[in-house]
Each structure stands twice: as C-alpha cells, then as structure tokens.
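Heads up: the sequence shown is residues 1 to 110, going by the numbering used here. Each residue gets a CB set at the ideal place from its N, CA and C atoms; glycine is no exception. Please read these numbers as outputs of a predicted model, since none were measured by experiment.
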Amino acid sequence: MIESFFFFIGGVQPKIKVLEETPRRCPRCGLHQVYLKRVDHYLSIFFIPVLKIKTGQPVLICNRCERHAHGSGSDRSRSQPASPTTKSCRFCDRNFPADYIFCPICGRKL
Ligand SMILES: [Zn+2]
Ligand SMILES: [Zn+2]
Numbered sequence: 001m002i003e004s005f006f007f008f009i010g011g012v013q014p015k016i017k018v019l020e021e022t023p024r025r026c027p028r029c030g031l032h033q034v035y036l037k038r039v040d041h042y043l044s045i046f047f048i049p050v051l052k053i054k055t056g057q058p059v060l061i062c063n064r065c066e067r068h069a070h071g072s073g074s075d076r077s078r079s080q081p082a083s084p085t086t087k088s089c090r091f092c093d094r095n096f097p098a099d100y101i102f103c104p105i106c107g108r109k110l
C-alpha cells in the first residue's frame, strides 16, 4: 500500500546535463552541433528531482543527427567482419567508422 503510493508520487527521472558549452564538429554532418552530454538519473518526488541515484557516462551527441558520435561501429563490424569499415586520422593516429568525414578529436578532414 505504502510502496504503491510512493511509486505514484515519486519516480526516477533522467536529467540531461551538457558538460561542454562549446560544440564540437560532427564527424557525420560536419556541423558544429556535437555536445558532450551526460544523462543522470534522479529520484524525484512530485516531479522534482531530489536525489541523484545514478551518474551516466559522458557521450557525444550531435543535435542535428541526434546520434551518438561514438560507439556505433561495433555492431556493423560484427555483420561484415571482412570489409574495412574504418578510416584513420593521420594526425591523431586513431581509427573511426568509414562514414566519418571529419576527425572528432582534431576536427580535420579524414
Ligand atoms: Zn551531425
Ligand atoms: Zn584527428
């Protein structure tokens, strides 16, 4: 009885926190619309966040593509393991998915 009442007035709410004010260049669309964001989860009562219960991992999300700028290459490489699906930045010496146009680290063209 008490638990179900608490569940009705309270709950867990995600809160998006922008960690960097300056946007980065998106490797997919080339626009400076990528922000480093973090989704924290708060325990809320009457829709007011009162206690942070989980701190999320920082992720780079493009406002235009609304996609994560990192971490989408793993499922593709699983389906096609033989074909080269990466590009490397010759300035940073790092590999990125082949559809990246710009390096997310230094912003130079790949
Ligand atoms: Zn984009
Ligand atoms: Zn680079």
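Compare the Cα-Cα distances from P14 to each of I101, D40, R108, R94 and report the closest residue.
Ranking I101, D40, R108, R94 by Cα distance to P14 puts D40 first.
Mind pulling the beta strand (DSSP E) runs of 3 or more residues that sit fully within the region 34–68?
Correct list: 34–45, 48–54, 59–62.
Should A98 be labelled buried (16 or more other beta-carbon atoms within 10 Å of its own) or exposed?
Exposed is the call here.
Just the residues with CB closer than 6 Å to a heavy atom of ligand 2, in chain order, which are they?
That query returns the following residues: C89, F91, C92, C103, I105, C106, R108.
State the CB to CB distance for the pair L51 and R24, rounded to an integer number of angstroms; the pair is presumed to be in contact (CB under 8 Å).
Their Cβ separation, rounded to whole angstroms, is 31 Å, which puts L51 and R24 out of contact at 8 Å.
If the criterion is Cβ atoms closer than 7 Å, does the pair L36 and E20 meet it?
Contact flag set, yes.
Determine which residues share a DSSP beta bridge with R94 and list them.
The partner list for R94 (beta bridge, DSSP) reads C89.
For R24, is the beta carbon positioned less than 6 Å from some heavy atom of ligand 1?
R24: no, Cβ never under 6 Å from ligand 1.
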